[in-house]
Amino acid sequence: MDSLRGLPHALLDLRRTLRPRELLMHRHRSWIRPCGILIAAVAIVTSCATGNDSDPLATGGHQGGGGQGAGEGEGGGNEGGAGGEGGAGGQGGAGEGGGTSSLCGNGVLDPGEACEGNDFGGKTCADFGLGGGTLTCNTHCGVVVSSCSVPENCADFVDNDFDGDADCLDEDCAGAAACVDSCAQPMFTALPTFGDGDTTGRPSTQAASCSSQSGREAIFTFIAPSSDPVMIDVFSLSDMDFTLSVRTGCADPATEIICVDSSGSGSGALTVSVTAGAQYFVVVDGVPPHDGGYFNLQMMGAQPELYCDDFFDDDSDGFLDCDDAADCQGDFACQPGTEPTGAPCSYHSDCAATGSDPACLPEFYGYPGGYCSEFCDLAMPDCSGDAVCVDSGHSVNGVCLDGCTTSADCRPGYECLDVGVSALVCIPGPESECDDNQDNDGNGYFDCADATGCQSSAACTSGPTPTGQPCSVHNECYAIGNDPLCLDEAYWGLPGGYCSQFCDLVQNDCGLLGACYDYGFGNGLGLCLDRCTSQNDCRPGYACGDIGLSSNVCFY
101 MDSLRGLPHA LLDLRRTLRP RELLMHRHRS WIRPCGILIA AVAIVTSCAT GNDSDPLATG
161 GHQGGGGQGA GEGEGGGNEG GAGGEGGAGG QGGAGEGGGT SSLCGNGVLD PGEACEGNDF
221 GGKTCADFGL GGGTLTCNTH CGVVVSSCSV PENCADFVDN DFDGDADCLD EDCAGAAACV
281 DSCAQPMFTA LPTFGDGDTT GRPSTQAASC SSQSGREAIF TFIAPSSDPV MIDVFSLSDM
341 DFTLSVRTGC ADPATEIICV DSSGSGSGAL TVSVTAGAQY FVVVDGVPPH DGGYFNLQMM
401 GAQPELYCDD FFDDDSDGFL DCDDAADCQG DFACQPGTEP TGAPCSYHSD CAATGSDPAC
461 LPEFYGYPGG YCSEFCDLAM PDCSGDAVCV DSGHSVNGVC LDGCTTSADC RPGYECLDVG
521 VSALVCIPGP ESECDDNQDN DGNGYFDCAD ATGCQSSAAC TSGPTPTGQP CSVHNECYAI
581 GNDPLCLDEA YWGLPGGYCS QFCDLVQNDC GLLGACYDYG FGNGLGLCLD RCTSQNDCRP
641 GYACGDIGLS SNVCFY
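As numbered in the working numbering, residues 101 to 656 make up the sequence shown, in order.
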């Protein structure tokens, strides 16, 4: 592993299946440039002249023959020069050819020759609108540019000249407008769009309203083909946090229409209302310190809820599955069943509901065996019996949870707990294992990060070993609170283990000797890494370096 960023993100709950990746735009790499510079897949030559030379690489035509002169003859060569002086009624002199010169090959760049040997008159590949490389001269003194590279486009997320650096990371783009101002050359795309982008090395000139932090951004633009809503979905392919926003004026934040802050979640989606023929700008803005990285972007006309039983808001309208009245409540998947709130289930249609909005809360959201529910209006709760309407964050509306007085009222594996609503409800019991690096109760916190289930257990008692030192279990490590964390070798892959503790990403509460690293848990917590000023501060096998935190840290 090259760095801590390479650790397996086993704890990230990426509940979305990535859709097939397609190219952001299909780019045809053959252009006709001024003066007929043809960049093709075979040879690349200049073709400015219109002479009729049998060699396609020549720069002009054959030497022309003079016409009949009545006094002063006029040369009539094919693309040739003026005829020579003619005698009275005599033969005109030979015109000067515009193609292969009779002097071609003499080692001197003569008039009418594009090149001679290695002499190109000071011209380079750049003079022909190309990138690096070397010009060559053919046997007809014509310039051949097939050894020149395609120039780097500084705003298309592609390494055009194949030198290993794309866009603003390429020295060819130093000072380019697209690398100074993100609005100078936004990436134009037509809907639908499926492709990857990168904010690394890009400017930081625009900010979104939904975040107090702003970093490097990539900006896309499209013309709305109709007035149908457009669904935009972005997914981080690296350790990148970002905001996603849409505006009608690229450099005018006041024209922002909608914004979503996806920091810590790795993905974000929104649906924006558009007007046919209007232009829109989509800003993918990185959030420091990890504001540079790869992402996947998808933009398409809003689709109906594709599946009514996948516990995913396919059309990003805020209404999930059977809570989507327009798309799902007439579907067979949303026909109410007979199982009461809190009972085990496999499908929405297993569960009873007062309307066509049953919900089977699935295991992958932390409900072992499934949990029968229905969607409910948070403002006017409409749950049946003693069930309580709870804002679970799954959909615009809440879900009904089984009310209780004691845990005896709940099915096995569930306990009667206070979740901050009007009554106690049956939910999965507290974290059952505090040292297995798993979120057993599905509440978004694992092991010693779980205040309810683990921080009072012996497994989460602070130990004596400081941050960065070897460990095998959590309670060997020192922690300011009851939240030590051992990044053990078996699970995390760090040789000998690495003592840490959980930290608040805003407060950065690791103490004087630690720095809080956003590992992507998605719950506002990070993990502490050992601060260092030199390699001598780190134990053998670990390096002291900069990974984008407030100070250098020891990492593997």
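Cβ coordinates follow ideal geometry from the N, Cα and C atoms, glycine included. Remember, predicted model here, so these are calculated numbers, not experimental data.
Cβ-based neighbour list, L517, same chain, cut-off 6 Å, excluding 5 preceding and 5 following: Here residue 517 refers to the residue found at position 417 when the sequence shown is read from its first residue. So the list reads I527, once near-sequence residues are dropped.
Local conformation of Y394 per DSSP, three classes: In the sequence shown, the residue the question calls residue 394 occupies position 294. Of the three classes helix, strand and coil, the one that applies to Y394 here is strand, per DSSP.
Residues bridged to P584 (per DSSP): Here residue 584 is taken as the residue at index 484 of the sequence shown, counted from 1. Looking at the DSSP assignment, P584 forms a beta bridge with Q601.
Pairwise C-alpha distance: A255 and I319: Counting from 1 along the sequence shown, the entry for residue 319 is found at position 219. Counting from 1 along the sequence shown, the entry for residue 255 is found at position 155. Distance between the alpha carbons of I319 and A255 is about 10 Å.
First through last residue of the alpha helix (DSSP H) which encompasses E589: Position 489 of the sequence shown, counted from the start, is the residue given in the question as residue 589. Run containing E589: 589-592, per the alpha helix (DSSP H) assignment.
C526 - partner residues in DSSP beta bridges: Translated into the one-based positions of the sequence shown, residue 526 becomes position 426. Bridge partners of C526: C516.
Bridge partner(s) assigned by DSSP for Q379: The residue you call residue 379 lines up with position 279 of the sequence shown. Q379 pairs with I323.
Cβ shell of D261 (< 8 Å), same chain only, five flanking positions each side left out: Position 161 of the sequence shown, counted from the first residue, corresponds to residue 261. Closer than 8 Å at Cβ, skipping near neighbours: G231, G232, S249, V250, P251, E252, D270, D272.
Inter-residue CB distance, P286 and C350 (contact presumed, cutoff 8 Å): Along the sequence shown, one-based indexing puts residue 286 at 186. Along the sequence shown, one-based indexing puts residue 350 at 250. Yes, P286 and C350 are in contact; Cβ-Cβ is about 6 Å, under 8 Å.
Nonlocal neighbours in the same chain, by C-beta distance under 7 Å from Q538, ignoring five residues either side: What you label residue 538 is simply residue 438 of the sequence shown in a count that begins at 1. Closer than 7 Å at the Cβ level, and outside the excluded window around Q538, lie F546.
For R511, the first and last residue of its enclosing beta strand (DSSP E): Your numbering for residue 511 matches position 411 in the sequence shown. Premise fails: R511 is in no beta strand (DSSP E) and is neither H nor E.
Cβ shell of D637 (< 8 Å), same chain only, five flanking positions each side left out: Here the question's residue 637 lines up with position 537 in the sequence shown. Result list for D637: D630, R631, C644, C654, in chain order.
CB of G593 within 8 Å of CB of C586, strictly: Translated into the one-based positions of the sequence shown, residue 593 becomes position 493. Translated into the one-based positions of the sequence shown, residue 586 becomes position 486. Not closer than 8 Å, so no.
CB of D604 within 8 Å of CB of L625, strictly: Start at 1 with the first residue of the sequence shown, and residue 604 comes out as number 504. Start at 1 with the first residue of the sequence shown, and residue 625 comes out as number 525. Contact: yes.
8 Å Cβ cutoff met for N582 and T561: The residue you call residue 582 lines up with position 482 of the sequence shown. The residue you call residue 561 lines up with position 461 of the sequence shown. Yes, Cβ-Cβ distance for N582 and T561 is below 8 Å.
Boundaries (first-last residue) of the beta strand (DSSP E) holding L461: Within the sequence shown, residue 461 is the residue found at index 361, counting from 1. Looking at the DSSP string, the run of the beta strand (DSSP E) that includes L461 is 458-461.
Simplified DSSP state of F220, which is helix, strand or coil: Counting from one through the sequence shown, the residue named residue 220 turns up at place 120. F220 falls in the coil class under three-state DSSP.
Own chain, CB closer than 6 Å to G529, minus 5 neighbours either side, in chain order: The residue given as residue 529 occupies position 429 in the sequence shown. These residues qualify, in order along the chain: E515.
Straight-line gap, G405 to F411 (C-alpha atoms, nearest Å): Translated into positions along the sequence shown, residue 405 becomes position 305. Translated into positions along the sequence shown, residue 411 becomes position 311. In the sequence as displayed, the identity of residue 405 is Glu instead of Gly. Answer to the nearest angstrom: the Cα atoms are 11 Å apart.
F294 - partner residues in DSSP beta bridges: Locating residue 294 in the sequence shown gives position 194, counting from the first residue. According to DSSP, F294 bridges with Q398.
Nearest-angstrom Cα separation, counted from F621 out to S557: Against the sequence shown, residue 557 aligns to sequence position 457. Against the sequence shown, residue 621 aligns to sequence position 521. So the alpha carbons of these two residues sit roughly 22 Å apart.
Beta-carbon proximity of P329 to V383, cut-off 8 Å: In the sequence shown, residue 329 corresponds to position 229, counting from 1. In the sequence shown, residue 383 corresponds to position 283, counting from 1. No, they are not a contact pair.
Residue span of the beta strand (DSSP E) that contains F335, given as start and end: Locating residue 335 in the sequence shown gives position 235, where the first residue counts as 1. Looking at the DSSP string, the run of the beta strand (DSSP E) that includes F335 is 330-336.
Residue of D391, R302, Q555 minimising C-alpha distance to E531: Counting from one through the sequence shown, the residue named residue 531 turns up at place 431. Of D391, R302, Q555, the residue nearest in Cα terms is Q555.
Beta-bridge pairing of C237 - partner residues as DSSP gives them: Position 137 of the sequence shown holds residue 237. Answer is V243.
Nearest-angstrom beta carbon gap, T375 and C359 [assumed within contact, 8 Å]: As a first step, residue 359 is located in the sequence shown; it is residue number 259 there, counting from the start. As a first step, residue 375 is located in the sequence shown; it is residue number 275 there, counting from the start. Wrong, their Cβ atoms sit about 19 Å apart, outside the cutoff.
Residue from E439, Y447, D423 with nearest C-alpha to A433: The residue labelled residue 433 in the question sits at position 333 within the sequence shown. Measuring from the Cα of A433, the nearest candidate turns out to be Y447.
Span separating the alpha-carbon of G181 from that of P211: Taking the sequence shown and counting its residues from 1, the one referred to as residue 181 is at position 81. Taking the sequence shown and counting its residues from 1, the one referred to as residue 211 is at position 111. At G181, the pLDDT of 37 sits below 50, so the modelled position is not reliable; the number obtained from the coordinates is stated separately. In a straight line, the C-alpha of G181 is about 11 Å away from that of P211.
Opposing strand residues paired with I358 [DSSP bridges]: For this step, residue 358 is matched to residue 258 along the sequence shown. Per DSSP, V346.
Residue nearest to V521 in terms of C-alpha spacing, selected from A276, D413, V488: Numbered from its first residue, the sequence shown carries residue 521 at position 421. Considering only alpha carbons, the answer is V488.
C-alpha distance - S327 paired with F257, whole-angstrom precision: Your numbering for residue 327 matches position 227 in the sequence shown. Your numbering for residue 257 matches position 157 in the sequence shown. Those two C-alpha atoms are separated by around 29 Å.
Y467 (DSSP reduced to helix, strand or coil): In the sequence shown, the residue the question calls residue 467 occupies position 367. Residue state, collapsed to three classes: coil.
Unbroken beta strand (DSSP E) run spanning G645, endpoints: Within the sequence shown, the letter at position 545 stands for residue 645. Per DSSP, G645 belongs to the beta strand (DSSP E) from 643-645.
Top-ranked residue by Cα proximity to A284, from F381, D339, I332: Translated into the one-based positions of the sequence shown, residue 284 becomes position 184. Checked all of F381, D339, I332; the closest Cα to A284 is F381.
C-alpha distance - V55 paired with F220, whole-angstrom precision: Since the first residue of the chain shown is 101 and the last is 656, residue 55 is not available in this structure.
Pick from T289, P292, C268 that is closest to D281, judged by C-alpha positions: Residue mapping note: residue 281 aligns to position 181 of the sequence shown, counting from 1. The candidate whose alpha carbon is nearest that of D281 is C268.
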